[in-house]
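Undergrad: Residue numbers (my numbering): 1038 to 1321. The C-beta atom is built at its ideal place from N, Cα and C for all residues, glycine as well. For reference, the structure I am asking about is given below.
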């Protein structure tokens, strides 16, 4: 049996619920918008210490009036990693969690060795950006029901988790990702913000158009963009074994030179397809 623990660990005055399982190099798994740590329940990482969290306002963590921007979540996680003496971690995030782990890596590069972003909530094109304000208004008026409509969820655990998340948490999180002055969900802001990353980034996308955009980013050497064409937004649920194998193989490929602060002209993609490589990327 691997050692495991479930506990509330205080971060910036908020008791954050987490699960701490296994031994080895640490993986920090961060769920998406309106989800919780159960998003990772089907994944098995051997040889790693795996920490999953319920972000503030989600799951078993307490609900506060404010503090739901990606920068707030990232600051909570930084304190958790510090308090538990975990760093540097491989920070893995889905959707909003992908934006949060990127923000964590930017805020505290000393705490993050590498970043994995699963269809992250950045890179919205002009057509999507034109809907931001309308979507935010719907969230403020209708709460989680609007979120369910926006994600097109009809049934299942993901829908149930979303409906259990307070409306103000969803609305403030959405604004923090897309409409606040420091949001980097839209492409121009994302290009600028992500240029500050110093850690290698593995990004998994379900559509060729989004993957092609990610390839054009200026990312550190060793970064990779993987296209799982035909998957939906919850790629790690659809291909759990392949997801675990991808992360393990990518981490193995990160020789010491790949973990340096070199920047490339973009990242390679392969795989289920990987396109590339370019100057800073790798190809399977």
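(1) Nearest-angstrom Cα distance between residue 1119 and residue 1065?
(2) By how many angstroms is the C-alpha of residue 1166 removed from the C-alpha of residue 1215?
(3) What does DSSP give as the partner residues of residue 1051 in its beta bridges?
(4) Who are the near neighbours of residue 1109 in its chain, counting only those whose CB is closer than 7 Å to its CB and skipping five residues on each side?
(5) For residue 1298, name the three-state secondary structure that DSSP assigns.
(6) Let me know if residue 1091 comes out buried or exposed under the rule of 16 or more other beta-carbons within 10 Å of its beta-carbon.
(7) I think residue 1093 touches residue 1051, with their Cβ atoms under 8 Å apart; what is that distance to the nearest whole Å?
(8) Using DSSP's beta-bridge definition, name the partner residues of residue 1131.
(9) Do the CB positions of residue 1155 and residue 1189 come within less than 9 Å of each other?
(10) Using a Cβ-Cβ cut-off of 9 Å, state whether residue 1236 counts as contacting chain B.
(11) Please state the DSSP three-state secondary structure of residue 1186.
(12) When you compare only the Cα positions, how much space is there between residue 1290 and residue 1283?
(13) When DSSP labels each residue in this structure, what does residue 1257 get in the three-state scheme?
(14) So which of 1250, 1241, 1245 has the shortest CA-CA distance to residue 1276?
(15) Buried or exposed for residue 1202, going by 16 or more other Cβ atoms inside 10 Å?
(16) What are the start and end residues of each continuous alpha helix (DSSP H) run of 4 or more residues lying completely inside the region 1220-1296, in chain order?
TA: With the structure as the only source:
(1) Distance between the alpha carbons of residue 1119 and residue 1065: 13 Å.
(2) Each residue's Cα considered, the two are about 8 Å apart.
(3) BP columns for residue 1051 point to 1048.
(4) The answer is none, since no qualifying residue turns up.
(5) Confidence at residue 1298 is low in this model, with a pLDDT of 46, below 50, so its placement is unreliable and the value that follows should be read with caution. Three-state DSSP puts residue 1298 in coil, outside helix and strand.
(6) That one is buried.
(7) With a Cβ gap of about 5 Å, residue 1093 and residue 1051 count as contacting.
(8) Within the DSSP bridge table, the entry for residue 1131 names 1155 as partners.
(9) Not closer than 9 Å, so no.
(10) Any reference to chain B falls outside this structure, which holds one protein chain only.
(11) Looking at residue 1186 - three-state DSSP - the assignment turns out to be helix.
(12) Looking at the two C-alpha atoms, the distance is approximately 11 Å.
(13) Strand at residue 1257.
(14) The residue with the shortest Cα to Cα distance from residue 1276 is 1241.
(15) Buried, by the Cβ-count rule.
(16) Fully contained in the region 1220-1296 are the following alpha helix (DSSP H) runs of length 4 or more, in chain order: 1224-1231, 1245-1252, 1272-1275, 1277-1290.
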